[in-house]
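Visitor: Provided herewith is a single structure, encoded as C-alpha coordinates, for subsequent inquiry.
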(Lines of atoms letter the chains of each structure in order from A; the text may use other names.)
(Lines give C-alpha, C1' and ligand atoms only; values in the text may rest on other atoms or scores of the structure.)
Protein backbone atom coordinates (compact mmCIF):
# COMPACT_ATOMS: atom_id res chain seq x y z
CA UNK A 1 0.00 0.00 0.00
CA UNK A 2 1.15 3.50 -0.87
CA UNK A 3 -0.33 6.62 0.71
CA UNK A 4 -0.10 10.40 0.57
CA UNK A 5 -1.35 12.85 3.20
CA UNK A 6 -2.54 16.39 2.50
CA UNK A 7 -3.35 18.21 5.73
CA UNK A 8 -6.04 20.88 5.71
CA UNK A 9 -3.62 23.69 6.56
CA UNK A 10 -1.25 22.83 3.68
CA UNK A 11 -3.81 23.50 0.95
CA UNK A 12 -3.50 26.43 -1.41
CA UNK A 13 -5.68 29.40 -0.52
CA UNK A 14 -7.12 32.37 -2.40
CA UNK A 15 -9.43 34.97 -0.84
CA UNK A 16 -10.97 37.28 -3.43
CA UNK A 17 -13.55 38.79 -1.08
CA UNK A 18 -16.56 37.37 -2.91
CA UNK A 19 -14.78 33.99 -3.22
CA UNK A 20 -12.83 32.14 -0.52
CA UNK A 21 -11.24 29.07 -2.09
CA UNK A 22 -8.98 26.28 -0.82
CA UNK A 23 -7.11 24.15 -3.35
CA UNK A 24 -5.99 20.60 -2.58
CA UNK A 25 -4.19 20.48 -5.95
CA UNK A 26 -2.48 23.14 -8.05
CA UNK A 27 -5.03 25.60 -9.40
CA UNK A 28 -4.95 29.16 -10.77
CA UNK A 29 -2.23 31.08 -8.89
CA UNK A 30 -1.50 28.18 -6.54
CA UNK A 31 1.18 25.96 -8.07
CA UNK A 32 2.80 23.09 -6.19
CA UNK A 33 4.77 20.69 -8.43
CA UNK A 34 4.18 17.91 -5.89
CA UNK A 35 0.43 18.47 -5.99
CA UNK A 36 -0.65 18.54 -9.62
CA UNK A 37 -3.11 15.65 -9.40
CA UNK A 38 -3.88 12.29 -7.77
CA UNK A 39 -4.20 9.94 -10.71
CA UNK A 40 -7.18 11.12 -12.77
CA UNK A 41 -8.29 13.47 -9.97
CA UNK A 42 -7.08 16.88 -11.14
CA UNK A 43 -8.88 19.51 -9.02
CA UNK A 44 -10.48 19.48 -5.57
CA UNK A 45 -11.54 23.01 -4.68
CA UNK A 46 -13.38 23.88 -1.47
CA UNK A 47 -15.21 27.11 -2.33
CA UNK A 48 -17.30 29.63 -0.41
CA UNK A 49 -19.11 32.24 -2.51
CA UNK A 50 -20.73 35.35 -1.02
CA UNK A 51 -24.43 36.07 -1.47
CA UNK A 52 -25.42 36.93 -5.04
CA UNK A 53 -21.87 36.51 -6.35
CA UNK A 54 -20.32 33.89 -8.59
CA UNK A 55 -18.25 32.83 -11.56
CA UNK A 56 -19.13 34.58 -14.82
CA UNK A 57 -19.39 32.72 -18.11
CA UNK A 58 -16.14 30.87 -18.85
CA UNK A 59 -15.03 27.92 -21.02
CA UNK A 60 -14.04 24.32 -20.28
CA UNK A 61 -13.08 21.43 -22.51
CA UNK A 62 -12.09 17.77 -22.11
CA UNK A 63 -12.73 17.58 -18.38
CA UNK A 64 -15.33 15.89 -16.18
CA UNK A 65 -16.57 18.45 -13.65
CA UNK A 66 -18.43 17.53 -10.46
CA UNK A 67 -20.06 20.04 -8.09
CA UNK A 68 -21.28 19.07 -4.61
CA UNK A 69 -22.99 21.81 -2.54
CA UNK A 70 -22.32 21.65 1.21
CA UNK A 71 -24.44 24.67 2.14
CA UNK A 72 -26.82 26.95 0.25
CA UNK A 73 -27.85 26.93 -3.42
CA UNK A 74 -25.71 27.15 -6.55
CA UNK A 75 -27.20 28.25 -9.88
CA UNK A 76 -25.77 26.88 -13.13
CA UNK A 77 -26.22 28.14 -16.72
CA UNK A 78 -24.41 26.79 -19.78
CA UNK A 79 -24.11 27.05 -23.55
CA UNK A 80 -26.06 23.80 -23.95
CA UNK A 81 -29.16 25.62 -22.71
CA UNK A 82 -29.20 24.10 -19.24
CA UNK A 83 -30.33 26.21 -16.30
CA UNK A 84 -30.42 24.53 -12.91
CA UNK A 85 -30.03 25.08 -9.18
CA UNK A 86 -28.31 22.58 -6.92
CA UNK A 87 -28.73 22.65 -3.16
CA UNK A 88 -27.08 20.81 -0.31
CA UNK A 89 -27.99 17.17 -0.91
CA UNK A 90 -27.69 17.49 -4.68
CA UNK A 91 -24.82 16.60 -7.02
CA UNK A 92 -24.02 17.90 -10.51
CA UNK A 93 -21.89 16.50 -13.33
CA UNK A 94 -20.80 18.24 -16.52
CA UNK A 95 -18.74 16.65 -19.29
CA UNK A 96 -16.99 19.56 -21.03
CA UNK A 97 -15.84 17.42 -23.97
CA UNK A 98 -15.46 19.39 -27.20
CA UNK A 99 -16.12 22.60 -25.33
CA UNK A 100 -18.76 24.29 -23.22
CA UNK A 101 -19.32 27.70 -21.61
CA UNK A 102 -20.99 27.98 -18.24
CA UNK A 103 -21.50 30.22 -15.23
CA UNK A 104 -22.07 29.46 -11.55
CA UNK A 105 -23.69 31.86 -9.10
CA UNK A 106 -24.88 31.88 -5.54
CA UNK A 107 -28.65 31.74 -5.99
CA UNK A 108 -29.27 33.55 -2.70
CA UNK A 109 -28.27 37.13 -2.00
CA UNK A 110 -28.49 36.87 1.79
CA UNK A 111 -26.36 33.79 2.51
CA UNK A 112 -23.16 32.21 1.29
CA UNK A 113 -22.93 29.00 -0.68
CA UNK A 114 -20.28 26.39 0.06
CA UNK A 115 -19.48 23.72 -2.49
CA UNK A 116 -16.81 21.34 -3.71
CA UNK A 117 -15.73 21.63 -7.33
CA UNK A 118 -13.93 18.53 -8.57
CA UNK A 119 -12.27 17.95 -11.94
CA UNK A 120 -11.48 14.49 -13.28
CA UNK A 121 -9.47 13.77 -16.42
CA UNK A 122 -11.76 11.89 -18.86
CA UNK A 123 -10.90 8.53 -20.43
CA UNK A 124 -11.76 9.90 -23.87
CA UNK A 125 -11.41 13.33 -25.44
CA UNK A 126 -13.74 15.18 -27.78
CA UNK A 127 -17.00 13.77 -26.43
CA UNK A 128 -20.28 15.62 -26.84
CA UNK A 129 -20.77 17.98 -23.88
CA UNK A 130 -23.49 16.98 -21.42
CA UNK A 131 -25.01 18.08 -18.11
CA UNK A 132 -26.83 16.18 -15.38
CA UNK A 133 -27.84 16.63 -11.75
CA UNK A 134 -29.74 14.68 -9.13
CA UNK A 135 -30.98 14.90 -5.56
CA UNK A 136 -29.49 12.34 -3.22
CA UNK A 137 -31.20 10.61 -0.32
CA UNK A 138 -29.27 11.58 2.79
CA UNK A 139 -30.49 8.47 4.64
CA UNK A 140 -28.72 6.27 2.08
CA UNK A 141 -25.32 7.31 3.47
CA UNK A 142 -26.00 6.83 7.20
CA UNK A 143 -23.32 4.46 8.50
CA UNK A 144 -22.56 3.31 4.97
CA UNK A 145 -20.92 4.56 1.78
CA UNK A 146 -23.48 5.88 -0.70
CA UNK A 147 -22.39 5.52 -4.33
CA UNK A 148 -23.08 8.83 -6.07
CA UNK A 149 -20.94 8.58 -9.22
CA UNK A 150 -19.84 5.61 -11.32
CA UNK A 151 -18.70 4.90 -14.90
CA UNK A 152 -22.18 3.64 -15.85
CA UNK A 153 -25.84 4.15 -15.02
CA UNK A 154 -26.14 1.64 -12.16
CA UNK A 155 -26.24 4.19 -9.31
CA UNK A 156 -26.05 7.96 -9.10
CA UNK A 157 -24.53 9.96 -11.94
CA UNK A 158 -21.77 8.88 -14.31
CA UNK A 159 -18.46 10.10 -15.69
CA UNK A 160 -16.40 9.43 -18.79
CA UNK A 161 -13.87 7.68 -16.57
CA UNK A 162 -13.48 4.49 -14.51
CA UNK A 163 -14.25 6.48 -11.37
CA UNK A 164 -16.53 5.88 -8.39
CA UNK A 165 -17.47 8.52 -5.81
CA UNK A 166 -19.03 7.75 -2.42
CA UNK A 167 -20.43 9.90 0.39
CA UNK A 168 -20.63 8.59 3.94
CA UNK A 169 -22.21 9.98 7.11
CA UNK A 170 -20.81 7.87 9.92
CA UNK A 171 -21.58 7.67 13.63
CA UNK A 172 -18.76 7.51 16.17
CA UNK A 173 -16.94 4.12 16.08
CA UNK A 174 -18.60 3.07 12.83
CA UNK A 175 -16.21 1.11 10.59
CA UNK A 176 -16.34 0.80 6.80
CA UNK A 177 -14.32 -1.62 4.68
CA UNK A 178 -13.63 -0.41 1.16
CA UNK A 179 -12.74 -2.77 -1.71
CA UNK A 180 -11.17 -1.07 -4.74
CA UNK A 181 -12.87 -1.83 -8.04
CA UNK A 182 -9.62 -2.11 -10.01
CA UNK A 183 -6.05 -2.85 -8.94
CA UNK A 184 -4.80 0.04 -11.09
CA UNK A 185 -7.00 2.53 -9.23
CA UNK A 186 -6.42 4.57 -6.11
CA UNK A 187 -8.79 6.22 -3.65
CA UNK A 188 -8.64 9.80 -2.41
CA UNK A 189 -10.49 10.36 0.87
CA UNK A 190 -11.58 13.89 1.81
CA UNK A 191 -12.94 14.48 5.32
CA UNK A 192 -15.92 16.84 5.26
CA UNK A 193 -16.64 16.77 8.99
CA UNK A 194 -15.26 15.08 12.10
CA UNK A 195 -12.29 12.76 12.53
CA UNK A 196 -11.54 9.36 11.02
CA UNK A 197 -8.69 6.85 11.10
CA UNK A 198 -7.36 4.78 8.20
CA UNK A 199 -4.72 2.32 9.35
CA UNK A 200 -2.68 4.32 11.85
CA UNK A 201 -3.37 7.66 10.14
CA UNK A 202 -5.78 10.06 11.84
CA UNK A 203 -7.56 12.50 9.55
CA UNK A 204 -9.42 15.63 10.58
CA UNK A 205 -11.87 17.99 8.88
CA UNK A 206 -10.72 18.95 5.35
CA UNK A 207 -7.69 16.62 5.42
CA UNK A 208 -7.10 14.58 2.28
CA UNK A 209 -5.54 11.12 2.08
CA UNK A 210 -4.65 9.11 -1.02
CA UNK A 211 -4.28 5.32 -1.06
CA UNK A 212 -3.15 3.08 -3.92
CA UNK A 213 -1.49 -0.26 -4.67
CA UNK A 214 -3.89 -2.06 -2.35
CA UNK A 215 -7.10 -4.05 -2.76
CA UNK A 216 -8.82 -3.04 0.45
CA UNK A 217 -8.63 -0.65 3.41
CA UNK A 218 -10.67 0.07 6.53
CA UNK A 219 -12.00 3.44 7.62
CA UNK A 220 -13.10 4.12 11.20
CA UNK A 221 -15.02 7.17 12.47
CA UNK A 222 -13.45 8.47 15.69
CA UNK A 223 -16.28 11.01 15.99
CA UNK A 224 -19.45 11.56 14.03
CA UNK A 225 -17.97 12.16 10.60
CA UNK A 226 -18.78 12.86 6.97
CA UNK A 227 -16.46 11.70 4.19
CA UNK A 228 -16.10 11.79 0.42
CA UNK A 229 -14.27 8.89 -1.27
CA UNK A 230 -13.12 9.18 -4.88
CA UNK A 231 -11.75 6.09 -6.62
CA UNK A 232 -9.92 6.98 -9.84
CA UNK A 233 -7.34 5.42 -12.20
CA UNK A 234 -3.78 6.19 -11.16
CA UNK A 235 -2.42 6.01 -14.72
CA UNK A 236 -3.60 8.74 -17.08
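Numbering (full-length UniProt numbering), first residue to last: 1 to 236.
Even for Gly, the Cβ is constructed at its ideal location relative to N, Cα and C.
1) Taking the straight line between their C-alpha atoms, what separation do you get for residue 238 and residue 210?
2) Pull up the distance between the alpha-carbon of residue 191 and that of residue 30, whole angstroms please.
3) Can the beta-carbon of residue 242 be found closer than 8 Å to that of residue 220?
4) Between which two residues does the beta strand (DSSP E) holding residue 25 run?
5) Under a three-way DSSP split, which group does residue 35 fall into?
6) Grouping DSSP H, G and I as helix and E and B as strand, with all else coil, what is residue 206?
7) Using a threshold of 8 Å, state whether the C-beta atoms of residue 232 and residue 39 are closer than that.
8) Are there 16 or more other CB atoms within 10 angstroms of the CB of residue 129, so buried, or fewer, so exposed?
9) Please determine, among 187, 138, 56, 81, the residue with the shortest C-alpha to C-alpha distance to residue 226.
10) For residue 9, name the three-state secondary structure that DSSP assigns.
11) Within its chain, find whatever has a CB closer than 6 Å to the CB of residue 214; leave out the 5 residues flanking it on each side and keep chain order.
12) Residue 69: buried (16+ other C-beta within 10 angstroms of its C-beta) or exposed?
13) Please report the distance separating the alpha-carbon of residue 230 from that of residue 25.
14) Rounded to the nearest angstrom, what separates residue 41 and residue 120 at their Cα positions?
15) From residue 122 to residue 161, what distance separates their C-alpha atoms?
16) Starting from residue 230, trace the beta strand (DSSP E) both ways and give me its first and last residue.
17) Within 10 angstroms of its Cβ, does residue 134 collect 16 or more other Cβ (buried), or is it exposed?
18) Straight-line CA distance for residue 95 to residue 149?
19) Going along the chain, which unbroken runs of the beta strand (DSSP E) with 3 or more residues stay wholly within the stretch 115-192?
20) What residue does the beta strand (DSSP E) around residue 1 start on, and which one ends it?
21) Take the Cβ of residue 117 as the centre, count every other Cβ of all protein chains shown within 10 Å, and call the residue buried at 16 or more, exposed below.
22) Beta-carbon separation of residue 114 and residue 72 under 8 Å?
23) Tell me which residue opens and which closes the beta strand (DSSP E) that residue 45 is part of.
24) Just to confirm before moving on: does the CB-CB distance between residue 156 and residue 234 stay below 8 Å?
25) Using a Cβ-Cβ cutoff of less than 6 Å, which residues in the same chain neighbour residue 76 once the five nearest sequence positions on both sides are dropped?
Guide: For this structure:
1) Because residue 238 is not part of the residues shown, which for the chain are 1 to 236, the question remains open.
2) Here residue 191 corresponds to residue number 191 of the chain shown, with the count starting at 1. Here residue 30 corresponds to residue number 30 of the chain shown, with the count starting at 1. If I take the Cα positions, the gap works out to 21 Å.
3) This structure gives no information on residue 242, because the portion of the chain shown stretches from 1 to 236.
4) Here the question's residue 25 lines up with position 25 in the chain shown. Counting along the chain, residue 25 falls outside any beta strand (DSSP E), and DSSP gives it neither H nor E.
5) Position 35 of the chain shown, counted from the first residue, corresponds to residue 35. Correct three-state label for residue 35: coil.
6) As a first step, residue 206 must be located in the chain shown, where it is residue number 206. DSSP places residue 206 in coil when its eight states are reduced to three.
7) As a working mapping, residue 232 is identified with position 232 in the chain shown. As a working mapping, residue 39 is identified with position 39 in the chain shown. A contact, by the Cβ cut-off of 8 Å.
8) What you label residue 129 is simply residue 129 of the chain shown in a count that begins at 1. Residue 129 is buried by the Cβ-count criterion.
9) For this step, residue 226 is matched to residue 226 along the chain shown. Of 187, 138, 56, 81, the residue nearest in Cα terms is 138.
10) Position 9 of the chain shown holds residue 9. Helix, per DSSP.
11) Here residue 214 refers to the residue found at position 214 of the chain shown. 1.
12) Taking the chain shown and counting its residues from 1, one reaches residue 69 at position 69. It is buried - the Cβ of residue 69 has at least 16 other Cβ atoms within 10 Å.
13) Residue numbering aside, residue 230 sits at position 230 when the chain shown is read from its first letter. Residue numbering aside, residue 25 sits at position 25 when the chain shown is read from its first letter. The straight-line gap from Cα to Cα measures roughly 14 Å.
14) Counting from 1 along the chain shown, the entry for residue 41 is found at position 41. Counting from 1 along the chain shown, the entry for residue 120 is found at position 120. When rounded, the distance between both Cα atoms is 5 Å.
15) Along the chain shown, read from residue 1 onward, the residue named residue 122 stands at position 122. Along the chain shown, read from residue 1 onward, the residue named residue 161 stands at position 161. Whole-angstrom Cα-Cα distance: 5 Å.
16) Sequence index remark: in the chain shown, residue 230 carries index 230 (1-based). Residue 230 -> beta strand (DSSP E) spans 225-233.
17) The residue given as residue 134 occupies position 134 in the chain shown. Classification of residue 134: exposed, given that the 10 Å Cβ count is below 16.
18) Along the chain shown, read from residue 1 onward, the residue named residue 95 stands at position 95. Along the chain shown, read from residue 1 onward, the residue named residue 149 stands at position 149. Computed Cα separation, rounded: 13 Å.
19) 130-135, 145-150, 164-170, 175-179
20) Reading the chain shown from its first residue, position 1 is the one you call residue 1. Residue 1 -> no beta strand (DSSP E), and no H or E assigned at all.
21) What you label residue 117 is simply residue 117 of the chain shown in a count that begins at 1. Buried, by the Cβ-count rule.
22) Here residue 114 refers to the residue found at position 114 of the chain shown. Here residue 72 refers to the residue found at position 72 of the chain shown. The answer is yes: Cβ separation under 8 Å.
23) As a working mapping, residue 45 is identified with position 45 in the chain shown. Here the beta strand (DSSP E) through residue 45 covers 41-49.
24) Looking up residue 156 in the chain shown gives position 156. Looking up residue 234 in the chain shown gives position 234. No; because the gap between Cβ atoms is not below 8 Å, this pair is not in contact.
25) For the purposes of this step, residue 76 is taken as residue 76 along the chain shown, with counting starting at 1. Hits under 6 Å: 84, 104.
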